[in-house]
Structure formats: C-alpha cells, structure tokens
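In the numbering used here, the protein residues as written are 3 to 194.
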C-alpha cells in the first residue's frame with residue numbers, strides 16, 4: 003500500500019472516530035452541526051462526490067412520477083391514435099398532459115413506463131410505447147379467447163429534457179379498451 007492510500011485510510015478512520023466520539027458527548031442538533039463541519043473538511047481536502055453540486059441541487063426534492071386511467075371505454079379506435087388517459091391520479095413534476103396523452107420529460111434521466119389495457123372476448127388490440135414518434139416497445143392481443151384479459155407493456159429508457167413518451171395504437175384498429183382497468187404510469191429512476 004502506498005503512502006497516499008495509507009494517509010487516506012487514516013484520515014477516514016480519524017473522521018469516523020471523531021464523529022462517533024462527538025456523537026456520544028453531544029445532543030443531536032450539536033452533533034449535526036459538527037458533522038456538517040466534518041463534511042466541509044472532507045470537501046476541502048478533496049474527499050467529495052465527483053458529481054457537481056449544481057447537478058445535486060438541481061435534482062433535490064424533485065419527484066417525477068405520473069399515473070393516469072382511461073375514464074371511459076374506447077371502441078374501434080383507429081391505427082396511430084394516441085390514447086389519452088384523462089383520469090390523472092398522480093402527476094408529480096407536471097410531465098403528463100391528459101389532454102394530449104403525452105408525457106414530456108422535465109429533466110434528463112432514466113425513466114420507466116408501463117401501460118396496461120383490458121379487453122373483452124374477441125378483441126384485437128395493439129398498443130405501443132412511443133418516444134418522440136418512434137415505437138420503442140409494443141404489446142398486442144389478436145382475437146382474444148377469454149372473456150376478459152389484461153396485457154401490460156414496459157419500457158425503461160434514457161430521455162433528455164423535452165423528449166416525449168406516449169401510448170399509441172398500431173398495426174390494427176383496437177376494438178375495445180375497458181375503462182378503469184386501462185392505465186399508464188411512469189417515473190424517473192435516476193439522473194437529472
């Protein structure tokens with residue numbers, strides 16, 4: 003082990019030991035202010051996260067998530083129709099627009115989307131997950147045999163601020179989508 007690594011380990015041990023000792027002797031508010039000063043010391047000697055403080059502050063407290071339900075059944079929905087899930091349950095970050103059926107990424111990051119549709123016997127339904135007009139993943143049902151059935155599609159994708167996601171019909175006219183059981187949701191997993 004070289005001397006630089008040994009000094010680094012010794013300094014880390016020292017900060018942890020001091021933090022533990024001080025914590026035992028102080029009340030919680032005093033300890034927290036002391037801990038903050040230890041963080042400042044670590045930053046001054048170069049032991050800090052490699053991401054910028056600007057990025058950290060930009061992300062703090064920003065939950066981005068939405069969940070919306072189809073409020074009324076759809077029948078004979080033509081190909082290339084964007085499904086508008088207008089009964090919004092959650093829209094943290096304001097990215098989902100129920101009037102257009104589109105989610106607009108408010109910040110860069112990795113996002114997860116899922117959509118579920120519910121159809122009746124004999125139905126044909128094909129719904130794709132689109133990003134900026136390009137189908138990224140899709141699910142489908144052709145001449146469904148059971149009385150009722152649900153299908154779920156998922157997409158995890160890296161988006162830039164301003165990219166849009168939506169659910170759209172493709173391939174064939176969708177015969178039936180049941181209200182209440184058909185929905186879309188999404189959230190930001192990571193990044194800014």
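Cβ atoms here follow ideal geometry from the backbone N, Cα and C, with glycine treated the same way.
Predicted, not measured: the structure shown is a model, and the values here were computed from it.
Using the three-state DSSP reduction, which class does residue 190 fall into: helix, strand or coil?
Counted from its first residue, the chain shown places residue 190 at position 188. Three-state result, residue 190: strand.
So what's residue 137 in DSSP terms, helix, strand or just coil?
For this step, residue 137 is matched to residue 135 along the chain shown. Three-state result, residue 137: strand.
Between the alpha carbons of residue 187 and residue 102, how many angstroms are there, rounded?
Here residue 187 is taken as the residue at index 185 of the chain shown, counted from 1. Here residue 102 is taken as the residue at index 100 of the chain shown, counted from 1. Using only the alpha carbons, I get a separation of about 15 Å.
Indicate whether residue 67 and residue 88 have their beta-carbon atoms separated by less than 8 Å.
Within the chain shown, numbered from 1, the residue matching residue 67 stands at position 65. Within the chain shown, numbered from 1, the residue matching residue 88 stands at position 86. No, the Cβ-Cβ distance between residue 67 and residue 88 is not below 8 Å.
What I want to know is whether the C-beta of residue 184 ends up closer than 7 Å to one or more non-hydrogen atoms of the ligand MN.
The ligand MN is not part of this structure, which contains no ligands at all.
Can you tell me whether DSSP reads residue 178 as helix, strand or coil?
What you label residue 178 is simply residue 176 of the chain shown in a count that begins at 1. If DSSP states are grouped into helix, strand and coil, residue 178 belongs with the strands.
According to DSSP, is residue 66 part of a helix, a strand, or is it coil?
Counting from one through the chain shown, the residue named residue 66 turns up at place 64. In this structure, residue 66 counts as coil in the three-state DSSP scheme.
Inspect the CB distances between the region 166 to 182 and the region 129 to 145 and report whether three or more fall short of 8 Å.
yes
For residue 121, count neighbouring C-beta atoms within 10 Å of its own C-beta (all shown protein chains included) and say buried if the count is 16 or more, exposed if not.
Position 119 of the chain shown holds residue 121. Per the 10 Å Cβ criterion, buried.
Taking Cβ positions, are residue 164 and residue 106 nearer each other than 8 Å?
Along the chain shown, read from residue 1 onward, the residue named residue 164 stands at position 162. Along the chain shown, read from residue 1 onward, the residue named residue 106 stands at position 104. Judged by their CB atoms, residue 164 and residue 106 are nearer to each other than the 8 Å cut-off.
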